[in-house]
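All remarks here apply to the structure that follows.
Numbering (the working numbering), first residue to last: 48 to 220.
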């Protein structure tokens, strides 16, 4: 085994600053500990911090029956569905025979982080759940996000989906 005196100075300094966790919770580490990241710090993609909240209640969740998840249903909607392209989103919808509306989200990777993709999915899901689903007939709706949707605000996404809902409702009625 090598003695501390046998180590070069740079390696000795690195070893002095090494952090070693202990089973009992105490830590042996550098004399200058790094500050823990503050809660609410800006995300890596520049989005503003979001306050943490608890789990969704049962009435706020999107039940599995309301999701468009089977590949055959998604493919059928893509091939046979009606389309409307907006600046942020593309909506593709088709009548279904399950008796209630379902939604599917297509959020492409497009050089975006998983955090950004998941944030966009959560936003779109929430807008659909609160604004579109109550007024939507028994349709399968696919919402395909465009690249511009990642930088868009919640209000802009909401405005585009609500405009689609209103335009389709006006055409139906």
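Even glycine gets a Cβ: it sits at the ideal position worked out from N, Cα and C.
- Contact check for residue 171 against residue 190 passes: the beta carbons are separated by less than 8 Å.
- Residue 192 counts as buried, since at least 16 other C-beta atoms from the protein chains shown sit within 10 angstroms of its C-beta.
- DSSP places residue 167 outside any beta strand (DSSP E); the residue lies instead in the alpha helix (DSSP H), whose first and last residues are 161-174.
- A direct Cα-to-Cα measurement between residue 123 and residue 148 gives close to 15 Å.
- The secondary-structure analysis by DSSP pairs residue 151 across a beta bridge with 189.
- Listed in chain order, the non-local C-beta contacts of residue 143 below 7 Å within the same chain comprise 149, 185, 186 and 187, local neighbours out to five positions each way being set aside.
- The beta carbon of residue 181 lies closer than 6 Å to none in the same chain, with the five residues before and after it left out.
- Excluding the 5 residues flanking it on each side, residue 133 has same chain C-beta neighbours closer than 6 Å at 207, in chain order.
- In the assembly as shown, residue 179 is a buried residue. Its beta-carbon has 16 or more other beta-carbons within 10 Å.
- The Cβ atoms of residue 109 and residue 176 lie closer than 8 Å to each other.
- In the DSSP assignment, the residues bridged to residue 139 are 130 and 189.
- Beta-bridge analysis with DSSP links residue 114 to 150.
- Sixteen is the threshold: since fewer than 16 other Cβ atoms of the shown chains lie within 10 Å of the Cβ of residue 194, the residue is exposed.
- When DSSP states are grouped into helix, strand and coil, residue 215 belongs to the helix group.
- In the same chain as residue 154, and ignoring 5 residues on each side of it, the C-beta atoms closer than 7 Å to its own belong to 164, 167, 168 and 192, in chain order.
- In the structure shown, the three-state DSSP call for residue 200 is coil.
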